[in-house]
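Residue numbers (the numbering used here), protein chains in the order written: chain A, 360 to 929; chain B, 3 to 377; chain C, 3 to 377; chain D, 32 to 356. Inspection log for the structure reproduced underneath, given as structure tokens.
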Amino acid sequence: MSREGSDRRIRRPRAGVWPAAIACAALVLAGTVHPLGAVLGTALSADALRRYAQFFTSATDLTILRNTLVLGVLVGLCGTAIGFLFAFVQARLDVPGKRVLHLIALVPVVSPPFAVATAAVVLFGRNGLVTDRLLGIDYDIYGLDGLVFVQSLSLFPVAYLGLLGMLRAMDPSLEEAATTLGASRARVFRTVLLPLLAPGLAGPFLLLFVEAVADLANPLVVSDDYDVLASQAYRAVTGHYDMTSAAVYSVILLAPSIGVFAVQRYWLGRRTRTTVTGRPSGSVRLISGWGRWPVFALAVFIALIIVVLYGTVVTGGLTRLFGVDYTPTFAHLAEVLFGTGREAVLDTTLLAVLATPIAGFFGLLIAWVAVRRMPRLGGWLDLAGTLGVAVPGTVLGIGYLLAYHAPWYIGDAQVFPSLVGGGAVAGGAAIIVLAYVVRSVPAALRTGTAALSQLHPNLEEAAADLGSGPLRAFRTVTLPLVRPAMFTGLGYAFARCMTSVSTIVLLVTPGTEIITSRLLGAATNNRHGVALAYCTVLTCIVLAGFGVIRLLVGRDAVLHRVTGGRQERR
Amino acid sequence: MTFATPPAEAPGRLGLERLTKTFPGRKPPVTAVDEVTLDVEPGEFITLLGPSGCGKTTTLRIVAGLERATAGHVRLDGEIIDARPPQRRPMAMVFQNYALFPHLTVGENIAYGLRVLRRDRQETDSAVDFALTGMNLVGLESRSPHELSGGQQQRVALARALVMQPEVLLFDEPLSNLDAKLRGSMRAEIRRIQRRLGITALYVTHDQDEAMTMSDRIVVMNKGRIEQAARPADIYFRPATVFVADFVGRANFLEVVPGRVDDGAAVTALGRAMTVPAHPDVRVNVAAYLMARPETLSLAAAGEGGNGSVLRATFHGHSVDYEVETRAGTLAVTVPGPDPARLLGEGTNVTVTIDPERAYLLPRRDRVRAVNREP
Amino acid sequence: MTFATPPAEAPGRLGLERLTKTFPGRKPPVTAVDEVTLDVEPGEFITLLGPSGCGKTTTLRIVAGLERATAGHVRLDGEIIDARPPQRRPMAMVFQNYALFPHLTVGENIAYGLRVLRRDRQETDSAVDFALTGMNLVGLESRSPHELSGGQQQRVALARALVMQPEVLLFDEPLSNLDAKLRGSMRAEIRRIQRRLGITALYVTHDQDEAMTMSDRIVVMNKGRIEQAARPADIYFRPATVFVADFVGRANFLEVVPGRVDDGAAVTALGRAMTVPAHPDVRVNVAAYLMARPETLSLAAAGEGGNGSVLRATFHGHSVDYEVETRAGTLAVTVPGPDPARLLGEGTNVTVTIDPERAYLLPRRDRVRAVNREP
Amino acid sequence: APGGPPPPDGGEVVIACGAAEEWCAATTRAFTARTGIGSRFVRLSSGEAVARIRFGRDAPEFDVWHGGPADGYAAADRYGLLANYRSPNAAAIPAEYKDPDGTWTGVYLGVLGFCSNTAVLAAKGLVPPRSWAELLHPALRQNVGIAHPATSGTAYTALWTQVARHGGDVAAALRYMRALHPNVLQYSKSGGAPAQQVAFGEVGVSVVFSHDCVATREQGYTHLRVTFPREGTGYEVGGIALIKGARNPVSARRYVDWALTPQAQEVGQSVGSYQVPTHPAARRFGMTVILSSVTLVDYDTVAAGARKTELTRRFDAEVGKAPKP
Ligand SMILES: Nc1ncnc2c1ncn2[C@@H]1O[C@H](COP(=O)(O)OP(=O)(O)OP(=O)(O)O)[C@@H](O)[C@H]1O
Ligand SMILES: Nc1ncnc2c1ncn2[C@@H]1O[C@H](COP(=O)(O)OP(=O)(O)OP(=O)(O)O)[C@@H](O)[C@H]1O
Ligand SMILES: [Mg+2]
Ligand SMILES: [Mg+2]
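Shown next, in the form of structure tokens:
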């Protein structure tokens, strides 16, 4: 953690910050700590201790642990790398078609688990359109490679959006200084750009790691023989009705996540990387040498994969029979939009719309408290907030059941009503919104932390000095400067809400219809047309949501001049 | 008989009481401000002067509430305000590194504080216009900070603080990036606004001329401590320490042993006996320094003889600086308004004369050349 | 008989050829640099002087290759280098906003360029140590930039460029945040390194004294154009335009009509006929300005009579500035090395005398008071 | 019956439904239409249902759990979550399809079968297999789809079927699985995936519940064909049970009673769920397996559930990790 007081970045907390900190604390306590604690309580029983012993002596279990770590690290690295590649192309290369590339990079944010995996199988499977028929190679994507492929693709947009914002905000005079000292583009990249973006790289890495490790849906479809802890935990619940084991797996799953978190905080806490100052100068020079083409080509290649994958999804939703009969039809779409799916679409969208702003807001707020105001307390909030995604959704869902199913009484007086179930507060919707929020906060939190650590504290100090209270300074100065992070947070939160399933399934009531569980139902029954139509609709809704969020959040402020070629409006 | 209640004092009385700030991160910890005590009258213009890294910025930041003192208090109008957050202190600050809001235009930057105060639109606009005019920024109001030159940015930072018309203004080298001409008019503008509104000003500058001409009092700091706080002429001609004498302006020091000390002190320098004013701590028969400013020395070509010879001459336009080798060491002599054709070349024999009335005798407490070595 | 090949010229000859830079973003577009042409000898020290926003930084940036000129060329040792990227130009720059790498310590910041050049470890370390000493930064090498005061940061920026010992050094107000004492020693250090290694220097400053004492030539810019490029004494005493006269140092302008122009020009000023040196463009019987620096005027108390009266006196320590009301307008007179006890009070009648040999006659091309109004 | 006195409870029934979404919707709708009692449901997989019922037992939100494999019901019973209710209508259900203590009753049967892609097989010159032995044919190398028994109930049923087929000899069962191993493309995680693989032509044949294959063929994958091994095949029983402490006990009982009627059991088949009704009098639609035409092994649900952990571990160690020659 940071050295408190040693650093003029960090000011003592002031009265006005306390309400914010308390609100954040309340959220993570209620949304993460309490429910997780409830589950993990069972992971500390005598019965559980035997399971630990079993786990650490079983070669199979240790392999699974190793698999999990390898998967997390690979997905973290690949996803962050792809995100960085796209951000770099967008912010630094003088190439055509950047807007299109930008839009394509946003699409995978919507990845209903089944869709990408299924499309991937159809395209790159054994009998895949690309691998078999086009290239004629004997390859299938099942296993670790497929898992990394699918997860990296669906998670990289968070890294992309966050890094893009940071790159655009960075004071170009730092790069200029390095070049005048003789550093080549490559060296500037390595010694200045990358270290300064370290928070932006570490944040998404952690998020991707945690999500990959806790993800369940993709391993179920493409992991083949590659077992991971999350699916073990899931199996313990669904196959063996064994909560204790699930809790044990979750504890083991939490350890690496907390470890990565701690390493990241320690590593980043040691050096400041403020690159947005109140004394801007210099201009960004877009790379226009030949060297840009290979980089650009790589990005285009990945973009093509995305287009093909999602094109397949859309095609599947609009044709008679996926894989067999490609006659166009609107029947599936009609079923989703006007038939049995309608309510699910409406309910899910409504709940997501409710949860999104809360998640985005709290994510940034926690980041702000942690980076700027109270490094100690904030560090814990940050950790607790991140843990919201570090366990498989099923386990968190069980935590909610344990924590909130029964009303709380002190004596005979009910002090807190039941939140779960049809008879609960708001027909059980409140708890679903809370679950959505908790599962989506980390994205905003991680990108927010990265973006904030880039801002020179003088800017907020100036605002305070001119009479702004901390919250107003946050709103009028900090927020506009970390707008890309906010956009990322909100957009990702929305997508996450629309597509999350495992936590929610344990919380839905007869009154609520969830689009993803409909989708999985259709997929399980091999009604692929309908399932893919759901995916298509979901994608459209989320992209529309992005548009709305962009409208509400506003365009990013232009902080620097860009020279050297075509400039894209932002 | 009744007494009228004494008229309420103008607001803005500032008290720094044994302020200390230590940054603990380093080994050994850095003490940036060390027991600074200072009383500032309402409406007074105080300049902090001192070598780079002596704690000026840190002092301002503590007063503004941006930094918490490790020890000591800040008082405003009698009340201890240590716990008051910056936004609740009636102060505005010009930051050394500007701290312009990069996402706002020049106009919005300047209007920021007024908007916070919910001044009505028209009032804000006219205040901003007024500031733009005063700071010579007309026509730039819709630019972003990154579209400005360094000096233009600095003036925006200045304007943003000035429009606030607070009780206390804190300036951290607000004119460092401006040319002499502009600096002159900015100084006048600052002084005008400050006087008119009776604002208390704490002003950091490294420009001694600025300190001399603008300040009611100058506070000379060194390594976090106050060396002297006094009116400009006193700082210049009656420095409290050798450090102050050496830091503010240029000074020659001649080692002397006063033979008599009462109203003045009797000393012999450059072969001439004279009586000079003396610091109260100067004692008879204890070695002391005779301090003489270069421009109070006079120089005459001496053909043969004389008491020194020219080592080097540097032409400054409005004056020439000579370094003269004498038996008492090398002396700096400034000759004003020279005719470039009649400079004294190197090696010329000269006679240097001290004006005893404008010299000053200082006790020999610290070593002279240790001045300005840091950290 | 054989001819030896002429000795290879030292590297670092710089040529700016009709450089123009227009920022298109605004309506109307801002022309920051306007047809600037300048030849710099290898090893020459050139200072750019000019009002805030006149295009100094932009010019440096074009030379460094950070900005592409809209038109014109930069030549280095005869070769046009417009297309050469900054890292392949043998130049180093001190940025106006320092641009220190926030993630590196002071030592690493300074060593950055040497590491890029793959200097061996020991050489780098000793160069860094040397720079730390020269820039008075010893003991700070393991700090982060955010743990430094403003002036310390500025010196790190300076050290980072100086250790490179490139062919051309570009300085953008490198000493603006330092106190006079330190600035003096930094100037000497810069000059020493620059001379010893024969580095060509382009130096931006707003400090005229700095410009006067350091430069081989001074280039005065105004609104993107060069007004005059000449040796310091010529800039001061033989300004090419009224703008230069007014911007560099202070000047009094008296309207006169020369009656005869040959070697000098015959004019009558303050009631006295005299012959003064004149600008080549001065014509007989065409109104012109007689330019006289305040310190070339002399002042004597006149009891009754005299040709003016004191309007205001400002004490500067080493000198007193008087504003004197005369029939020819208000004149500024600087009296050096004053005795504070014998200042001339306001209203005192005085006689002002012009030294014709240090006055200069300028054609009346532009209006004097329009100077320094911008943007 | 309509016009009777209003029940003393909430007058509706809340169901945790373990079958397909459409099945649940149609069934509850039919119940309400028939009885006038309101009904609402939440679709939950069996593990989720156990978790939810278990952790909500202080204030149960569900009255009835309907659908989903019997081993889940057994587990719930172990936790004491189910109320003992022996419906009068349960008498008609064969004994092997219900809990001896009467805690749960079977409502449908899923029968394991082979789902073949005739196009793929024809290209290899093969016909759909009709025995477990034919599945070992070398020409089917890497062409059999089956899920992993640890993650998929379907696959575990297939594994236990081998045990049952070999008279309880676990070693023999694993020997068979190892022989099959080279032919398996991969052990996918979910039980439905092999049906998808065969539909897309990734493999030639897969081991799935026959009703999944039928449903997939219904979608239009007409080249799919269901066959059954003549050595005998396993099955899964879908149950129904009353939840302990139900808030609407009267309506819930009426629901259970109704669910065991032939009419109720026919509903699923009308919406594409072709599991076999347990009530002998229930009509079977064309797509549904005629039980008499299939040889069933003696499938001991209780024993299967009890040895699951042990067996899947051994499978992992002895079969799953083996290299494919
Ligand atoms: N990106 C930009 N867009 C528009 N105008 C600009 C931009 N950058 C600089 N300018 C303008 O160009 C002019 C020259 O700027 P430059 O930074 O070269 O000035 P300067 O001489 O260095 O001034 P200073 O002494 O204040 O640093 C200024 O008027 C400035 O406002
Ligand atoms: N965060 C920090 N950690 C450690 N030392 C610090 C920190 N901030 C400032 N210092 C040190 O405290 C001392 C005082 O700094 P301050 O910024 O107040 O100086 P200053 O008088 O404003 O100097 P300048 O004229 O160069 O701006 C300096 O020596 C500086 O190096
Ligand atoms: Mg400072
Ligand atoms: Mg500049």
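Glycine residues also receive a C-beta, built at the ideal position from the N, C-alpha and C atoms.
Let me see if you follow: with CB-CB separation under 8 Å, is Gln-154 (chain B) close to chain C or not? As a first step, residue 154 (chain B) must be located in the second sequence, where it is residue number 152. It does; some Cβ of chain C falls within 8 Å.
For Ala-51 (chain D) and Asp-89 (chain D), I'd like the C-alpha separation in whole angstroms. Here residue 51 (chain D) is taken as the residue at index 20 of the fourth sequence, counted from 1. Here residue 89 (chain D) is taken as the residue at index 58 of the fourth sequence, counted from 1. If I take the Cα positions, the gap works out to 28 Å.
Can you tell me whether Lys-183 (chain B) sits near ligand 6, meaning its C-beta is under 7 Å from at least one heavy atom of the ligand? Ligands in the displayed structure: ligand 1, ligand 2, ligand 3 and ligand 4; ligand 6 is not one of them.
What number of angstroms, rounded off, separates the C-alpha of Gly-136 (chain C) from the C-alpha of Glu-143 (chain C)? Position 134 of the third sequence, counted from the first residue, corresponds to residue 136 (chain C). Position 141 of the third sequence, counted from the first residue, corresponds to residue 143 (chain C). A direct Cα-to-Cα measurement between Gly-136 (chain C) and Glu-143 (chain C) gives close to 13 Å.
Is His-148 (chain B) a contact residue of ligand 1, with contact defined as CB to any heavy atom under 7 Å? Here residue 148 (chain B) refers to the residue found at position 146 when the second sequence is read from its first residue. His-148 (chain B): yes, Cβ under 7 Å from ligand 1.
Any idea if Leu-54 (chain C) is buried or exposed, counting beta-carbon neighbours within 10 angstroms, 16 or more meaning buried? Position 52 of the third sequence, counting from 1, holds the residue named residue 54 (chain C). The residue asked about is misnamed: residue 54 (chain C) is Ser in this sequence, not Leu. Ser-54 (chain C) is buried by the Cβ-count criterion.
Could you confirm whether any beta carbon from chain C is found closer than 8 Å to the beta carbon of Gly-641 (chain A)? In the first sequence, the residue the question calls residue 641 (chain A) occupies position 282. Closer than 8 Å: yes.
Using three-state DSSP, classify Val-568 (chain A) as helix, strand or coil. Your numbering for residue 568 (chain A) matches position 209 in the first sequence. Per the sequence shown, the amino acid found at residue 568 (chain A) is Phe instead of Val. Of the three classes helix, strand and coil, the one that applies to Phe-568 (chain A) here is helix, per DSSP.
For a contact meaning CB atoms closer than 9 Å, what does Leu-533 (chain A) contact in chain C? Here residue 533 (chain A) corresponds to residue number 174 of the first sequence, with the count starting at 1. Residues of chain C with a Cβ closer than 9 Å to the Cβ of Leu-533 (chain A) are, in chain order, Ala-101, Leu-102, Phe-103, Pro-104.
With a threshold of 8 Å between beta carbons, is Gly-628 (chain A) in contact with chain C? Reading the first sequence from its first residue, position 269 is the one you call residue 628 (chain A). No, Gly-628 (chain A) does not count as interfacial toward chain C.
Beta-carbon within less than 6 Å of Cys-48 (chain D)'s beta-carbon, same chain only, minus the 5 sequence neighbours each way: which residues are those? Sequence index remark: in the fourth sequence, residue 48 (chain D) carries index 17 (1-based). For Cys-48 (chain D), where only same-chain residues beyond five positions count, the Cβ hits under 6 Å are Cys-55, Phe-72, Arg-74, His-97, Gly-98.
Need the endpoints of the beta strand (DSSP E) that Tyr-362 (chain C) sits in, please. Here the question's residue 362 (chain C) lines up with position 360 in the third sequence. Note, Tyr-362 (chain C): beta strand (DSSP E), 362 to 365.
Using a Cβ-Cβ cut-off of 8 Å, state whether Arg-624 (chain A) counts as contacting chain C. Your numbering for residue 624 (chain A) matches position 265 in the first sequence. In terms of beta-carbon proximity, Arg-624 (chain A) stays away from the interface with chain C, with every pair separated by 8 Å or more.
His-75 (chain B) - DSSP class collapsed to helix/strand/coil: Residue numbering aside, residue 75 (chain B) sits at position 73 when the second sequence is read from its first letter. If DSSP states are grouped into helix, strand and coil, His-75 (chain B) belongs with the strands.
If Asp-574 (chain A) sits next to Ala-589 (chain A), beta carbons under 8 Å apart, how far is it from one beta carbon to the other, in whole angstroms? Here the question's residue 574 (chain A) lines up with position 215 in the first sequence. Here the question's residue 589 (chain A) lines up with position 230 in the first sequence. About 6 Å separates the two Cβ atoms, so the contact holds.
Interface residues of chain D around Pro-869 (chain A) at Cβ under 7 Å? Position 510 of the first sequence, counted from the start, is the residue given in the question as residue 869 (chain A). The contacting residues are Val-45, Arg-71, Phe-72, Val-73.
Where Glu-820 (chain A) and Leu-68 (chain B) are concerned, what is the direct C-alpha to C-alpha distance, given to the nearest angstrom? The sequence position of residue 820 (chain A) within the first sequence is 461, counting from 1. The sequence position of residue 68 (chain B) within the second sequence is 66, counting from 1. Their backbone Cα atoms lie some 7 Å apart in a straight line.
Give the straight-line distance between the Cα atoms of Ser-151 (chain B) and Leu-180 (chain B), rounded to the nearest whole angstrom. Here residue 151 (chain B) refers to the residue found at position 149 of the second sequence. Here residue 180 (chain B) refers to the residue found at position 178 of the second sequence. Each residue's alpha carbon lies about 11 Å from the other.
Kindly indicate if chain A contains any beta-carbon less than 8 Å away from that of Ser-144 (chain C). Taking the first residue of the third sequence as 1, we reach residue 144 (chain C) at position 142. Answer no: the Cβ-Cβ gap between Ser-144 (chain C) and chain A never drops below 8 Å.
Going along the region 106 to 122 of chain B in order, which residues come within less than 7 Å of chain A, judged by CB to CB distance? Tyr-114, Gly-115, Val-118, Leu-119
From which residue to which residue does the beta strand (DSSP E) around His-97 (chain D) run? Here the question's residue 97 (chain D) lines up with position 66 in the fourth sequence. Taken as a continuous stretch (DSSP letters only), the beta strand (DSSP E) holding His-97 (chain D) covers 95 to 100.
Against Leu-51 (chain C), what residues of chain A qualify as contacts under a CB-to-CB distance less than 7 Å, listed in chain order? Your numbering for residue 51 (chain C) matches position 49 in the third sequence. Going along chain A, no residue has its Cβ under 7 Å from Leu-51 (chain C), so there is no contact; the nearest lies around 20 Å.
By DSSP, does Val-659 (chain A) sit in helix, in strand, or in coil? Counted from its first residue, the first sequence places residue 659 (chain A) at position 300. Reduced to three states, the DSSP call for Val-659 (chain A) is helix.
Rank A:Arg-644, A:Cys-437, A:Val-659, A:Ala-916 by C-alpha distance to the C-alpha of Val-507 (chain A) and give the top, closest one. As a first step, residue 507 (chain A) is located in the first sequence; it is residue number 148 there, counting from the start. When each option's Cα is compared against that of Val-507 (chain A), the closest is A:Cys-437.
To the nearest angstrom, report how far apart Ala-271 (chain C) and Val-258 (chain C) are at their CA atoms. For the purposes of this step, residue 271 (chain C) is identified with residue 269 of the third sequence, where counting begins at 1. For the purposes of this step, residue 258 (chain C) is identified with residue 256 of the third sequence, where counting begins at 1. Straight-line Cα distance between these residues: approximately 7 Å.
Is it true that the CB of His-242 (chain D) sits closer than 8 Å to the CB of Thr-149 (chain D)? Stepping through the fourth sequence from its first residue, residue 149 (chain D) is reached at position 118. Stepping through the fourth sequence from its first residue, residue 242 (chain D) is reached at position 211. No.
Would you please verify whether the beta carbon of Arg-256 (chain D) is less than 8 Å from any beta carbon of chain A? On the fourth sequence, residue 256 (chain D) is found 225 positions in, with the first residue counted as 1. For Arg-256 (chain D), the answer is no, since every Cβ of chain A falls outside 8 Å of its Cβ.
So Val-896 (chain A) packs on Leu-696 (chain A), CB below 8 Å; how close in whole Å? Against the first sequence, residue 896 (chain A) aligns to sequence position 537. Against the first sequence, residue 696 (chain A) aligns to sequence position 337. The pair is a contact, with the Cβ atoms about 7 Å apart (cut-off 8 Å).
Nearest CA to the CA of Ile-611 (chain A): which residue from A:Leu-838, A:Leu-388, A:Ile-423? Taking the first residue of the first sequence as 1, we reach residue 611 (chain A) at position 252. The shortest Cα separation from Ile-611 (chain A) among A:Leu-838, A:Leu-388, A:Ile-423 belongs to A:Ile-423.
Consider the C-beta atom of Thr-39 (chain B) and the heavy atoms of ligand 3; say whether any pair is separated by less than 7 Å. Translated into positions along the second sequence, residue 39 (chain B) becomes position 37. Incorrect: Thr-39 (chain B) has no Cβ contact closer than 7 Å to ligand 3.
Collapsed DSSP secondary structure at Asn-174 (chain D) in the structure displayed: On the fourth sequence, residue 174 (chain D) is found 143 positions in, with the first residue counted as 1. Of the three classes helix, strand and coil, the one that applies to Asn-174 (chain D) here is coil, per DSSP.
Under 8 Å between C-beta atoms, does Ser-861 (chain A) make it to chain C? Residue 861 (chain A) sits at position 502 when you count from the first residue of the first sequence. False, the Cβ-Cβ gap to chain C never drops below 8 Å.
Mind checking Arg-20 (chain C): buried by the 16 CB within 10 Å criterion, or exposed? Working through the third sequence from its first residue, we reach residue 20 (chain C) at position 18. With fewer than 16 other Cβ atoms within 10 Å, it is exposed.
Test: Met-188 (chain B) CB closer than 8 Å to a CB of chain A: Counted from its first residue, the second sequence places residue 188 (chain B) at position 186. By this cut-off, Met-188 (chain B) is not an interface position.
Say whether chain A places a C-beta atom closer than 8 Å to the C-beta of Pro-260 (chain B). Against the second sequence, residue 260 (chain B) aligns to sequence position 258. With 8 Å as the cut-off, Pro-260 (chain B) does not count as an interface residue toward chain A.
With a threshold of 7 Å (Cβ to nearest heavy atom), would Val-246 (chain B) be considered close to ligand 2? For this step, residue 246 (chain B) is matched to residue 244 along the second sequence. Because no heavy atom of ligand 2 lies under 7 Å away, the Cβ of Val-246 (chain B) does not count as near it: no.
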